Amino acid sequence: QEIVSGESEEESNGVNLMEFSDEILLHILSYVPCTDLVLNVRRTCRKLATLCLDKSLTHTVLLQKDYKVNKDKVKQLMRDIGKEIYQLNMAGCYWLPSSTIDHVTRCKNLVKLNLSGCHITSLRLSKMLSTLQHLHSLAIDVNPGFDASQLSSECKATLSRVSELKQTLYTPSYGVVPCCTSLEKLLLYFEILDRSREGFMLSGQLMVGESNVPHYQNLRVFYARLAPGYVNQEVVRLYLAVLSDRTPENLHAFLISAPGSFAETGATKNLLDSMARNVRLDALQLPKAWINGSGLLQHLKFNNPFYFSFSRCTLSGGHLIQRVINGGKDLKSLTSLNLSGCVHCLAPESLFRKAEDDIDSSILESLVVSCCNLRHLNLSAAHHHSSESIGNHLCQLLSRLKHLLSLALPVCSITDVAANVEKPPAVSNLVPQTFGRKVRIGIQTYPRNLADQANQKIESSVFWALMGSLRYLETLEIIGSSFSSAMPRNEPAIRNSLPPCVRAQSVGDSEVAAISQLTYLQSLTLAQLPNILTGSGLIHIGLQCQHLRTLSLANLGMMGKVVYMSALMDMLKHCKCLRDLRLEQPYFCAGAQFFQALSHCSSLQRLCIVSRSGTLQSDAVMSFMANCLEVIMCHMFMGESLTVCKSLQQSIVRSFQADRPALNVIIFPLLHEDLTEVIRDVPMRHLDEITLFKSRVAEEPPNLWW
1 QEIVSGESEE
11 ESNGVNLMEF
21 SDEILLHILS
31 YVPCTDLVLN
41 VRRTCRKLAT
51 LCLDKSLTHT
61 VLLQKDYKVN
71 KDKVKQLMRD
81 IGKEIYQLNM
91 AGCYWLPSST
101 IDHVTRCKNL
111 VKLNLSGCHI
121 TSLRLSKMLS
131 TLQHLHSLAI
141 DVNPGFDASQ
151 LSSECKATLS
161 RVSELKQTLY
171 TPSYGVVPCC
181 TSLEKLLLYF
191 EILDRSREGF
201 MLSGQLMVGE
211 SNVPHYQNLR
221 VFYARLAPGY
231 VNQEVVRLYL
241 AVLSDRTPEN
251 LHAFLISAPG
261 SFAETGATKN
271 LLDSMARNVR
281 LDALQLPKAW
291 INGSGLLQHL
301 KFNNPFYFSF
311 SRCTLSGGHL
321 IQRVINGGKD
331 LKSLTSLNLS
341 GCVHCLAPES
351 LFRKAEDDID
361 SSILESLVVS
371 CCNLRHLNLS
381 AAHHHSSESI
391 GNHLCQLLSR
401 LKHLLSLALP
411 VCSITDVAAN
421 VEKPPAVSNL
431 VPQTFGRKVR
441 IGIQTYPRNL
451 ADQANQKIES
461 SVFWALMGSL
471 RYLETLEIIG
481 SSFSSAMPRN
491 EPAIRNSLPP
501 CVRAQSVGDS
511 EVAAISQLTY
521 LQSLTLAQLP
531 NILTGSGLIH
541 IGLQCQHLRT
551 LSLANLGMMG
561 KVVYMSALMD
571 MLKHCKCLRD
581 LRLEQPYFCA
591 GAQFFQALSH
601 CSSLQRLCIV
611 SRSGTLQSDA
621 VMSFMANCLE
631 VIMCHMFMGE
641 SLTVCKSLQQ
651 SIVRSFQADR
661 PALNVIIFPL
671 LHEDLTEVIR
681 DVPMRHLDEI
691 TLFKSRVAEE
701 PPNLWW
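Every letter in the sequence shown is one number past the one before it in UniProt numbering, and letter 402, counting from 1, is 402.
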């Protein structure tokens, strides 16, 4: 009787969710996808019916990663709250049919609209934009067959008021740029292939009727990102030609991201000279050929810069300090800096220096002191070797940047110099970095117990101290300076990889364990860590980094065997928030035990495995897909035959496509000659975010697009 009365008293003292204030309930509801709020939650009771339609929840509708949304849900959503929506983001909704766009016409008050990655024709775009008279921000794709002559006068009137445009080009075209006469921000993504599906070479010349001149007179931000290929370079030059004639006076951000060689021409030189005379910039990124060997940086003027990218440039540390940081003067406004592949950026000069020589710590110290508010820093793809000077290690200097949210470092930069000298060569040094059968070599027993691992003096290492000082870091990339993915873009799979840097040979499980101090870590990339012997540090991360959402592991330990498989499976059992997993490792066995462990990742949405000579078990994959209901992307590039791959891919699609409208499955032999043809059909969202390996820290300026 006492127990019953106690329970009754506890029930009477319990908190009813509906008794919370409207402000608290609105904050809670803000974490629920809009489709669930409008189509489900608001039908539960009168109070929630009112709150779910509050302007704070319907003003901005984000569908870009709502993988369960379908055409009918979008139709009902627009019908119920279309007039209340002012910002609509449908970026990457590749699975929705093009007819879905017709329902956007109900959103008469739209100010911002993002349709990147959505299927849309010229006629549908014209019909939709004709009704959106308040639109100021637009993001679209321009696909083959786009015809600007099909745009109505009402559509062009809307475009004339658009001040922000993001355009992804899959065909040589100006798209809607000539119609946007009030442009202040222009973002261009060039994804044009050099060859058609039939194998014909494409030309960078614009089609007939595409000769209208873009209007750049009000432009403040110009950004262009090019995929590999000469056609993309030809087309972007046509966009730049107008800029070279007359540089906008209000231009404050000029950014061009181009892989490989993108030669400077007379027109681009005139443009840069004009910029040096007439504008003061806040953000800058240029192709390496435009900076290397030129005195451009000496003449450009900056106002309150927040983003610099000198990726892959031969810029020396001396030039960086003198011409960019003004001799070490205050540069507190800079929040994002990309020096990826800038091999001499921490050395006084580059003329007689080898890439593997020690860095000049005074240059890094000047950088840290001047740019003390850095939030995003990328130093990957270079050999940044610290000297033996006490207190001047790269990790010790970076620990002063207390505001860092994302950081990318080469593996060889985090090693302890003293430990490197005193330690005998790691076992992995003695094993050839090749594929195939390995000679058995006796090694000392490596401790599997986590407590034993933690007691191996790792707390005294400079990397351990760095991780301890960056408590709020959300993104970390540790990538071998000579690492290259086995699956580059627009090319056959790479068959040979370069050996890791000598300084990186001692980096292994202890350093990985140090990462577990990052309590708020959300994204982790580890590539080419040669001294991984058991992977025990991964278990530390799984236990301590409970916010981890994205994990990318590539070429860890010896290349002939996946030495960390057992630890990885233990780690995955604790990763309840993990959404994206990318694994790249030769001889990876995607079997029943692996997929059983992966099934513990209840939030997993995307899986990508790249493995030369790797194997898979079809039954295990099917069981995993049945258990993990949130998975909408499964990309596996292995060593299996084409027949096995196609059979498994068809089985997955046939079994799960109906219940998962966004399902995207590619199972294909990694070394097959048609791999590039298969890759071109991958939705850009998945290709750019997970399938292709790249460093993403400071890749773009923060908040470039909403």
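We put the CB at the ideal spot given by N, CA and C, even for glycine.
Treat the numbers as computed from the prediction; the structure is a model and nothing was measured.
Query                                                                                                                                                                             : Result
Verify the contact flag: G92, CB atom, against every heavy atom of the ligand MN, threshold strictly below 7 Å.                                                                   : The model depicted lacks the ligand MN and carries no ligand whatsoever.
Give the range of the alpha helix (DSSP H) segment to which S566 is assigned.                                                                                                     : M565 to L572
Evaluate V15 with the Cβ neighbour count: other Cβ atoms within 10 Å of its Cβ, from every protein chain shown; 16 or more gives buried, anything less gives exposed.             : exposed
Which word fits F200, buried or exposed, when buried means at least 16 other C-beta atoms lie within 10 angstroms of its C-beta?                                                  : exposed
By Cβ distance, which residues of its chain are closer than 8 Å to V111, with the 5 residues on each side in sequence left out?                                                   : Y86, Q87, H134, L135, H136 and S137
Report the start-end ranges of each alpha helix (DSSP H) in the stretch 618–703 that is 4 residues or longer and not cut off at the edges.                                        : 618–627, 642–656 and 675–679
Please report the straight-line C-alpha distance between Q649 and I609, rounded to a whole angstrom.                                                                              : 14 Å
With DSSP as the reference, please indicate the residues paired to V142 in a beta bridge.                                                                                         : L169
Kindly list the residues whose CB is nearer than 6 Å to the CB of Y223, restricted to its own chain and excluding five residues on each side of it in sequence; keep chain order. : L187 and L255
Among the residues of its own chain, which have a CB less than 6 Å from the CB of V279, if the five just before and after it don't count?                                         : L251
Does M78 come out as helix, strand or coil in the three-state DSSP assignment?                                                                                                    : helix
I need the straight-line Cα distance from Q657 to D54, nearest angstrom please.                                                                                                   : 34 Å
Entirely within the stretch 349–375 and at least 4 residues each: give me those alpha helix (DSSP H) ranges in chain order.                                                       : 361–370
Identify every residue that forms a DSSP beta bridge with M201.                                                                                                                   : R195
For R400 and S366, what's the separation of their Cα atoms in angstroms?                                                                                                          : 12 Å
Note down the Cα distance separating T676 from R42, rounded to an integer number of angstroms.                                                                                    : 46 Å
By the three-class DSSP mapping on this structure, what secondary structure does R124 have?                                                                                       : helix
Mapping DSSP to helix, strand and coil, what is Y520?                                                                                                                             : coil
When burial is assigned at 16 or more other CB atoms within 10 Å of the CB, is F463 buried or exposed?                                                                            : buried
Since G117 and F146 should fall inside the 8 Å C-beta cutoff, what is the C-beta to C-beta distance between them, to a whole number of angstroms?                                 : In fact, because the Cβ distance is near 15 Å, the residues do not count as touching under 8 Å.
Which of the three DSSP states, helix, strand or coil, is assigned to P178?                                                                                                       : helix
Q396: buried (16+ other C-beta within 10 angstroms of its C-beta) or exposed?                                                                                                     : buried
Taking just the CA atoms, how far does I390 sit from S510?                                                                                                                        : 21 Å
Out of curiosity, what's the CA-to-CA distance linking A698 and K73?                                                                                                              : 36 Å
How many Å lie between C313 and K354 at the Cα?                                                                                                                                   : 15 Å
Please report the residue range of the beta strand (DSSP E) in which L476 lies.                                                                                                   : T475 to I479
Could you work out which residue in L466, D659, T475 and I28 is closest to E630 when comparing CA atoms only?                                                                     : D659
Starting from D509, follow the alpha helix (DSSP H) in both directions and report where the run begins and ends.                                                                  : D509 to A514
Within the continuous alpha helix (DSSP H) that includes E584, where are the two ends?                                                                                            : Premise fails: E584 lies in the beta strand (DSSP E), D580 to E584, not in any alpha helix (DSSP H).
Taking its Cβ as the centre, do 16 or more other Cβ atoms sit within 10 Å of K185, making it buried, or is it exposed?                                                            : buried
Considering only residues of the same chain and omitting the five flanking positions on each side of Q444, which have a CB-CB separation below 7 Å?                               : Its pLDDT being 40, under 50, Q444 is placed unreliably by the model, and nothing is read from it.
Would you mind giving the Cβ-Cβ distance between S603 and K576, rounded to the nearest angstrom? I have them listed as a contact below 8 Å.                                       : 6 Å
Note the first and the last residue of the continuous alpha helix (DSSP H) segment covering residue 733.                                                                          : Beyond the ends of the chain as shown, which are 1 and 706, falls residue 733; an answer cannot be given.
Between H215, I690, L271 and V38, which has its C-alpha nearest S163's C-alpha?                                                                                                   : H215
Helix or strand or just coil, what does DSSP make of V15?                                                                                                                         : coil
For Y307, tell me which candidate among I321, L337, I291 and D330 has the shortest Cα-Cα distance.                                                                                : L337
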